[in-house]
Amino acid sequence: MRAVVARSPGGREVLALADVPDLVAGEGEVLIDVVAAGVNRADISQREGRYPPPPGASELIGLECSGRIAALGAGVDGFGVGDEVCALLPSGGYASQVTVAAGLVLPKPDGVSLVDAAGLPETVCTVWSNVFMLAGLQQGETLLVHGGASGIGTTAIQLARALGARVAATVGSDWKAERCRELGADPAINYQASDFVAELLSATSGHGADVILDVVGAAYLSRNLEAVATNGRLVVIGLQKGATAELNLGALMAKRAAVLATGLRMRPLAEKAAIVASVRENVWPLVAEGHLKPIVDRVLPLAEAAEAHRVIEASEHVGKVLLSV
1 MRAVVARSPG GREVLALADV PDLVAGEGEV LIDVVAAGVN RADISQREGR YPPPPGASEL
61 IGLECSGRIA ALGAGVDGFG VGDEVCALLP SGGYASQVTV AAGLVLPKPD GVSLVDAAGL
121 PETVCTVWSN VFMLAGLQQG ETLLVHGGAS GIGTTAIQLA RALGARVAAT VGSDWKAERC
181 RELGADPAIN YQASDFVAEL LSATSGHGAD VILDVVGAAY LSRNLEAVAT NGRLVVIGLQ
241 KGATAELNLG ALMAKRAAVL ATGLRMRPLA EKAAIVASVR ENVWPLVAEG HLKPIVDRVL
301 PLAEAAEAHR VIEASEHVGK VLLSV
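Counting in full-length UniProt numbering, the sequence shown runs from 1 upward without gaps.
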């Protein structure tokens with residue numbers, strides 16, 4: 001089969017399309033003929049050698065894909081050869097085939113093309129597990145999403161709005177703010193031009209955000225504590241601007257707030273399968289009804305994975321960048 005390999009840890013130039021050994025579905029796995037793969041910032045970290053795959057997983061890059069089932073391993077029920085699916089992967093998506101535990105596979109939702117479906121698993125599972133399963137965002141509450149124009153951000157805006165929450169978002173430009181407003185974010189704040197905390201507090205009459213979904217990390221910790229509401233929940237899922245910061249525990253206690261930090265990739269299979277099952281039950285109907293759709297910025301050929309990484313690194317996109325196989 002064909003796959004994008006990273007010849008060594010490094011810059012985009014280490015990525016190359018190559019022939020690699022064919023795959024066979026093991027017990028409890030399905031073999032998928034990949035149609036498209038999603039590109040995520042975590043892929044860049046893996047390429048650079050800073051985010052290795054879980055033990056026993058493929059060394060190939062790629063955390064989500066869509067395609068058709070080519071074969072079933074022993075003990076797999078509920079899927080058949082030829083089914084159109086998408087899947088949450090520990091790695092391996094940048095390839096013409098992938099094997100994955102059946103518990104991490106989702107049927108392609110109605111109303112979404114098979115290519116676009118590649119942009120759903122990682123973002124939807126991340127948002128659903130953190131904003132709703134963990135932080136418990138409720139109807140009528142306010143969600144603040146940092147990086148609102150990203151794949152995670154565009155998913156969080158749509159999903160929270162569909163379930164009756166108000167959404168605020170931060171972005172790095174006015175044109176991205178406008179795109180977030182179109183998806184339902186109000187306010188959408190250009191953090192380059194204004195103070196996001198002041199803008200949020202003004203828009204919410206001083207209440208702040210009941211839940212904050214943060215991909216920035218250390219650089220925003222103290223500002224997030226100012227922005228979070230009393231009894232609010234700050235969920236850190238990314239460390240784009242640092243992993244270490246000082247936390248004012250007195251201010252945290254005064255607001256009776258919680259700081260939560262999670263990851264998805266390294267969780268045990270059973271935990272990830274439970275998230276996927278919950279997504280299928282609770283989110284897939286919203287996708288089928290048109291309340292949530294993958295926002296696809298562009299689709300590039302698999303051979304142009306380096307260009308896809310450049311687009312992500314330069315933050316030139318809104319929503320997802322996909323690779324077609």
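In this text, a Cβ means the ideal position worked out from N, Cα and C, and glycines have one as well.
Below 8 Å on the Cβ atoms is my guess for residue i versus residue j; work out the distance and round it to an integer in Å.
| i | j | result |
| --- | --- | --- |
| V211 | G232 | 7 Å |
| V235 | A209 | So it is not a contact: roughly 11 Å between Cβ atoms. |
| R161 | G184 | 4 Å |
| G151 | C180 | 13 Å between Cβ atoms; not a contact. |
| G290 | G111 | 6 Å |
| V325 | S96 | 5 Å |
| T230 | R256 | 6 Å |
| S173 | Q158 | 20 Å between Cβ atoms; not a contact. |
Excluding sequence positions up to five away, which residues of its chain have a Cβ less than 6 Å from the Cβ of residue i?
| i | result |
| --- | --- |
| A70 | L31, D33 |
| H146 | T170, D214, V215, V216 |
| S58 | S91, G92 |
| W128 | V279, V283 |
| S66 | V35, A36, C86, L114, A117, A118 |
| P109 | W284, V287, A288 |
| A177 | V171, A188, N190 |
| L143 | L137, A160, A165, V167, V211 |
| L239 | G217 |
| D195 | none |
| D22 | M1 |
| F132 | none |
In the DSSP assignment, find the unbroken alpha helix (DSSP H) run with residue i in it and report its ends.
| i | result |
| --- | --- |
| P121 | 121-127 |
| E84 | E84 -> not in any alpha helix (DSSP H); beta strand (DSSP E) instead, spanning 84-88. |
| T155 | 151-162 |
| K176 | 174-183 |
| L322 | Unbroken run through L322 is the beta strand (DSSP E), 320-324; no alpha helix (DSSP H). |
| A101 | Not the alpha helix (DSSP H): A101 falls in the beta strand (DSSP E), residues 97-101. |
Spell out whether any CB of chain D is found under 8 Å from the CB atom of residue i.
| i | result |
| --- | --- |
| R267 | The displayed structure is made up of one protein chain only, and chain D is not part of it. |
What do you reckon, are the CB atoms on residue i and residue j nearer than 8 Å?
| i | j | result |
| --- | --- | --- |
| V105 | V85 | yes |
| L292 | V283 | yes |
| V276 | G103 | yes |
| L269 | A156 | no |
| D19 | R47 | no |
| I295 | T126 | no |
| G49 | R68 | no |
| E29 | P121 | no |
| A198 | L225 | no |
| L323 | Y51 | no |
| L17 | L247 | no |
| G206 | T99 | no |
| T262 | L134 | yes |
| I44 | E281 | no |
| V318 | A308 | no |
| L60 | A305 | no |
| R12 | R310 | yes |
In chain order, what residues of the same chain lie with their CB nearer than 7 Å to the CB of residue i, ignoring the 5 residues before and after it?
| i | result |
| --- | --- |
| A219 | K241, G242 |
| T204 | T142 |
| A6 | V14, L15, R47, I61 |
| S315 | G172 |
| D297 | H317, V318, G319, K320, V321 |
Can you name the start and end residues of the beta strand (DSSP E) that residue i belongs to?
| i | result |
| --- | --- |
| P301 | 296-301 |
| P107 | 105-107 |
| D19 | 15-19 |
| T170 | 166-171 |
| A3 | 2-6 |
| L143 | 142-146 |
| N130 | That residue, N130, is in no beta strand (DSSP E); it is neither H nor E in DSSP. |
| A188 | 188-190 |
Report all residues from its chain with a CB closer than 8 Å to the CB of residue i; omit the five preceding and five following residues, and keep chain order.
| i | result |
| --- | --- |
| K272 | L88, G103, L104, C125, L264 |
| T244 | A218 |
| G78 | A102 |
| L200 | L144, A168, P187, I189, G208, A209, A227 |
Segments assigned alpha helix (DSSP H), at least 4 residues, entirely inside the stretch 22-65: 41-47
Ranges of the alpha helix (DSSP H) found wholly within the stretch 248-311, counting only runs of at least 4: 249-254, 269-282, 284-288
Length at least 3, wholly inside the stretch 204-246: the beta strand (DSSP E) runs in chain order: 209-214, 228-236
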